[in-house]
């Protein structure tokens, strides 16, 4: 099933705006909770995502960001 390329173009501004919200939440959590215990970071990140109205992030992605911010897991880049 092919998708009309114009639909992609129409969707991209909304996708970019949503990703910017996620990035702000991650950056804010990293600045305020970097190196803290995973559970604390995870809760802070969930709250930051909710504050940005970006709570519909795949749970595994939230967990990975929280591990990276807390310093208990692999970096998000690799």
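Numbering (the working numbering), first residue to last: 4 to 81. In this text, a Cβ means the ideal position worked out from N, Cα and C, and glycines have one as well. From a predicted model like this one, the values you see are computed outputs, not experimental measurements.
8 Å contact criterion, which residue i and residue j should meet: CB distance rounded
i          : j          : result
residue 44 : residue 23 : No, residue 44 and residue 23 are not in contact; Cβ-Cβ is about 21 Å, not under 8 Å.
residue 25 : residue 60 : 6 Å
residue 35 : residue 47 : 7 Å
Distance CB(residue i)-CB(residue j) smaller than 9 Å
i          : j          : result
residue 75 : residue 51 : no
Residue i versus residue j - alpha carbon distance
i          : j          : result
residue 72 : residue 56 : 20 Å
residue 49 : residue 66 : 10 Å
residue 58 : residue 10 : 24 Å
residue 27 : residue 38 : 18 Å
residue 13 : residue 7  : 10 Å
Segment limits, alpha helix (DSSP H) that includes residue i
i          : result
residue 12 : 8-36
residue 3  : The first residue shown for the chain is 4 and the last is 81, placing residue 3 beyond what the model contains.
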